[in-house]
Amino acid sequence: MAGKRDSEGAPFEGIDRLVHEPARLAIMAHLAVLDEADFVYLMNEIQLTRGNLSSHMSKLEGAGYVTVEKGFVGKTPRTVLSLTAAGRRALTAYRDVMADVIAALPA
Amino acid sequence: MDMVLRGTARGAAFEKKAWRRVFEDGLYDLFLAVVFLNVAVWMAAAELDLAYGETAAPAGGVLLLAFLMFRFLKQRVTVPRLGHFRIQRERTSKFRLAGALSVCLLVLMVGATFLAGTGAFETGVSFVVVLFGLLALKAVVLFSFGAFLTGVSRFYLYGALAAVGMTAAQVCIAVLDLPEGWSVVGIFGLPALLMIPTGVVLLTRFVRAYPAGSRGGDGR
């Protein structure tokens, strides 16, 4: 999707709607500087409920933007997320498209 | 494209936020305080005529105990409350390099100090003063480097206190005619005196901010 331009104006069509949603964008931005983070860390950082984060996590995982590994530490379940190469590319492309959009917006 | 996001310039705010989380619980402050106090006490004991060899085992034991305690508290107190995360390896490489250089420099300085003690250098006491000065400078540079990269401003203060400790020790040595080894007590002791209350306050604040089980569990 990134790179497609509206022939008349700003490149709105190039916006990746999956990344554009604020909660998912926050998840991807946090994961971009980390090798991995677990569910609890992201809940704390982004201030999402368990259900909300779970829903966004599934969407990002479905798009191949994050990997989700479920395991146990002792008897405690731990879900660990990390950004995939495709996720990094999507985030970079999103930033570039948004820079164009913002530059094209009327003052 | 991938490299753009991997570069340290991109996402610097998020990176600093992650670093602040690393040090938010105060456990690093407390661990570092034990290490610094250990060095200060070890050197003070040596200046009070206890042989280095006699005090090395208890000092090593304290360090090992402090490290095990630190790991235990991180696993049992921090991770269940804050969650687990690992900062990107590329973003921690500068710390690893600085740490390795620091250890090499410290080994060289300790070696040179012992040689100076055996009279291998004619310059004698002044040589030791220069070495201790370098030790204080190293502490200032390392703490400042850490503060700059992580955005944790209290590290600047720790570095400054190492320099103040060195200066104060030099004044005491001159006035009270003490041996030069007391410089090390100043360099390590003074920052440790601030690290302890800072660590305790941060840990208390952390435990209050993230009550046990408040955000526990994961997505399943």
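Taken in order, these protein sequences are the chains called D and C. Note that the first sequence ends on residue 108 in our numbering; no numbers are left out. Note that the second sequence ends on residue 563 in our numbering; no numbers are left out. The C-beta atom is built at its ideal place from N, Cα and C for all residues, glycine as well. Please read these numbers as outputs of a predicted model, since none were measured by experiment.
Our two residues, residue 492 of chain C and residue 432 of chain C, have alpha carbons roughly 14 Å apart in a direct line. By the rule that beta-carbons nearer than 8 Å mark a contact, residue 430 of chain C touches chain D. The segment 365-377 of chain C makes contact with the segment 533-552 of chain C; the number of CB pairs closer than 8 Å reaches 3 or more.
Short of 7 Å from the beta carbon of residue 359 of chain C, and not among the five residues preceding or following it, lie these beta carbons of its own chain, in chain order: 493 and 494.
Interface residue (Cβ-Cβ distance to chain D less than 8 Å): residue 358 of chain C is classified as such. Only buried fits residue 377 of chain C, as 16 or more other CB atoms lie within 10 angstroms of its CB.
Annotation: residue 532 of chain C to residue 508 of chain C spans about 7 Å, alpha carbon to alpha carbon. Proximity of residue 39 of chain D to chain C, defined by a Cβ-Cβ separation below 8 Å, is satisfied. In this structure residue 39 of chain D is buried. Its beta-carbon is surrounded by 16 or more other beta-carbon atoms within 10 angstroms. For residue 19 of chain D, the enclosing alpha helix (DSSP H) stretches over residues 18-21. Membership of residue 55 of chain D in any beta strand (DSSP E) is not indicated; the residue belongs instead to the alpha helix (DSSP H) covering 51-63. Secondary structure note for residue 367 of chain C: it is in no beta strand (DSSP E), with a DSSP letter that is neither H nor E. In this structure the segment 507-527 of chain C lies against the segment 471-491 of chain C, because at least three pairs of beta carbons, one per stretch, are closer than 8 Å. Close to residue 49 of chain D, with beta-carbon spacing below 8 Å, lies no residue of chain C; the smallest spacing is near 10 Å. With 16 or more other Cβ atoms inside 10 Å of its own Cβ, residue 57 of chain D counts as buried. For the C-beta of residue 555 of chain C, not a single chain D residue is nearer than 8 Å; the gap to the nearest is close to 12 Å. For residue 434 of chain C, the chain D residues whose C-beta falls within less than 8 Å of its own C-beta are 34, listed in chain order. Residue 104 of chain D and residue 448 of chain C have their alpha carbons spaced roughly 50 Å apart.
Using a 10 angstroms sphere on the CB of residue 454 of chain C, the tally of other CB atoms stays under 16, which defines it as exposed. By the Cβ-count criterion, residue 25 of chain D is buried, with 16 or more other Cβ atoms from all chains shown falling within 10 Å of its own Cβ.
Neighbours of residue 45 of chain D in chain C, taken as residues at a C-beta separation under 9 Å, are given in chain order as 364, 424, 425, 426, 553 and 558.
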